[in-house]
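Numbering (the UniProt record's numbering), first residue to last: 1 to 493. Notes for the one structure printed next.
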Ligand SMILES: *[C@@H]1O[C@H](CO)[C@@H](O)[C@H](O)[C@H]1NC(C)=O
Ligand SMILES: *[C@@H]1O[C@H](CO)[C@@H](O)[C@H](O)[C@H]1NC(C)=O
Ligand SMILES: *[C@@H]1O[C@H](CO)[C@@H](O)[C@H](O)[C@H]1NC(C)=O
């Protein structure tokens, strides 16, 4: 079995002053908040008596954590890494995620997210023959240190529908969602649950409009979803049903379950019929307050792609194309709505700029992310990149480009994280368990078949984990002002 170690190098020559076996490092993390800080304090004393003068800061200002695998040709390098996940963790440690300013927190400790999407877990769980795949996926995800999954809490009027018609639910499918939630908890993975789709897949706003027409309403556009009082009441009823659902496997109601990281109002809302953005804004305002009236404890986000709109003409230059400002969304204004806790943005250079891969894609990723991180700082909230990916169907695609793309996203968010900025998490689109290729939309990542991608994901998890640990330590010892750790965390001060 390969030995995996973390080196923390803290001088400019990148000499490793300290080598911690990964298991030990992760134990430090998971022992927090009990006495992990003592171990870290011991490490600090050690470093003060060594020749090192900066903690974990490399030339370019990074926490330099190198994950090195000795032992060769492991086709599943990630699977042998032990992230110290203790499946018997007590409920005391499994607390609701909250936020403090620009950071997510759990138990008053910062919580930076390395996350993933697999949107169809409920459908997978609804069929006994594929239910085991849900468990398999969570196992694989946790073995590379992923901690939050984004997956649909809706399927309206379609095959294996959760909501067969307004307020009529398939109990078997609801139990499948219960299973997804309870399995996630077992693997120490939290969930972002979107409540409806903008697009037709799994029903979406088009299905709500169809239901409205079936009920005799005079509806002319799918965007009536955002304004028609009856359709709004259908949506609210769905929200209430999901949030107040009592999980049949755990007996915990969804609205009280810390396994749920956040609710999302809608996957990628657009309202082309009103480019001013007013119609969508009114819907966001009404629904955000409604969600909070039922569940004031969970965090809430909208689910927009992040396009800039009419309220900030100086920001539209960051949009991927001129059409983006005409789809009725308005990133900054949308996130000023009462009840919205954090910002979320998607990144699809391939479908927004061009379907053939070029350097422009990487440039776009950087400037798009940096612009939204700046805005989130002005808004005073965390921002997550809720979807990002690249399709194998794109012209010029190869897996090394995908790795470059993912690394760019990770590095850009980390640039913000290490400064205590708003950059708080990323969710790759999307992870697949083995044997589900029939669902592949071109973006599938099967970890066991992509060792290099697995390593990149794993490294990001390790960085965030160590960062969280160091940061937690710092929070406990904030009285010791200009120590090396403080210097690392706030290099600009
Ligand atoms: C349906 O609504 C449209 C647009 O609001 C209106 O022009 C039309 O007359 C209405 N039709 C009926 C049958 O009420
Ligand atoms: C849930 O509640 C039922 C009925 O009260 C009980 O039989 C069952 O053991 C409970 N399950 C859990 C996991 O607590
Ligand atoms: C992979 O694709 C990128 C972008 O199209 C290209 O620059 C690179 O040379 C390709 N690498 C390989 C190994 O084919």
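Every residue gets a Cβ at the ideal spot worked out from N, C-alpha and C, and that includes glycine.
Chain-order list of residues whose beta-carbon lies under 6 Å from that of residue 258 (same chain, five-residue window excluded):
Within the same chain, residue 258 has close Cβ partners 94, 95 and 96.
Check whether the Cβ of residue 220 lies closer than 7 Å to any heavy atom of ligand 1, and answer yes or no.
yes
Nearest to residue 226 (by Cα), restricted to the options 318, 382, 341 and 269:
Across the set 318, 382, 341 and 269, the C-alpha of 269 shows the shortest separation from the C-alpha of residue 226.
Tell me residue 513's beta-bridge partners as DSSP assigns them.
The shown model of the chain, from 1 to 493, leaves out residue 513, and the question about it has no answer.
Alpha-carbon spacing of residue 272 relative to residue 371, whole angstroms:
23 Å
Hey, would you say residue 173 sits closer than 8 Å to residue 162, going by beta carbons?
Taking C-beta atoms as the reference points, residue 173 and residue 162 count as a pair closer than 8 Å.
Considering residue 99, what are the terminal residues of the beta strand (DSSP E) in which it resides?
Looking at the DSSP string, the run of the beta strand (DSSP E) that includes residue 99 is 98–100.
Just to check my reading of the structure: residue 249 and residue 142 have Cβ atoms closer than 8 Å, yes? What is that Cβ distance to the nearest angstrom?
So it is not a contact: roughly 19 Å between Cβ atoms.
Which of helix, strand or coil DSSP assigns to residue 215
coil
Can residue 152 and residue 119 be called in contact, C-beta distance under 8 Å?
yes
I need the straight-line Cα distance from residue 104 to residue 276, nearest angstrom please.
32 Å
Under a three-way DSSP split, which group does residue 88 fall into?
Note that residue 88 scores 42 on pLDDT, short of 50, meaning its location in the model is unreliable; the coordinates nonetheless yield the value given after this. The answer is coil: DSSP assigns residue 88 none of H, G, I, E or B.
Assuming residue 383 and residue 376 make a contact with CB atoms under 8 Å, what is their CB distance in whole Å?
4 Å
Under a Cβ-count criterion, where at least 16 other Cβ atoms within 10 Å of its own Cβ denotes burial, should residue 207 be classed as buried or exposed?
buried
With respect to 7 Å, is the separation between the Cβ of residue 401 and the closest non-hydrogen atom of ligand 3 below this value?
Residue 401: yes, Cβ under 7 Å from ligand 3.
Quick one: measure Cβ to Cβ for residue 380 and residue 102, integer angstroms, because I've assumed they're closer than 8 Å.
Yes, they are in contact, since the Cβ atoms of residue 380 and residue 102 sit about 6 Å apart, within 8 Å.
Terminal residues of the alpha helix (DSSP H) in which residue 283 lies:
278–294
Does residue 347 come out as helix, strand or coil in the three-state DSSP assignment?
Strand.
Along the chain, where does the alpha helix (DSSP H) that runs through residue 230 open and close?
229–243
Since residue 508 is in the beta strand (DSSP E), which residue starts that stretch and which ends it?
Outside the shown range of the chain (1 to 493) lies residue 508, about which nothing can therefore be said.
Alpha carbons only, please: which of 109, 314, 228 and 177 is nearest the one belonging to residue 283?
Residue 283 has its Cα closest to that of 228, out of 109, 314, 228 and 177.
C-beta neighbour in chain D for residue 169, strict 8 Å
Structure shown: chain D not included; a single protein chain is present.
From residue 216 to residue 236, what distance separates their C-alpha atoms?
20 Å
Within 8 Å, strictly: CB atoms of residue 265 and residue 254:
no
If you count every other CB in all the chains shown that lies within 10 Å of the CB of residue 363, and 16 or more means buried, which is it?
exposed
Could you have a look at residue 451 and say whether DSSP puts it in helix, strand or coil?
helix
Minimum C-alpha distance to residue 302 - residue among 342, 149, 296 and 169
342
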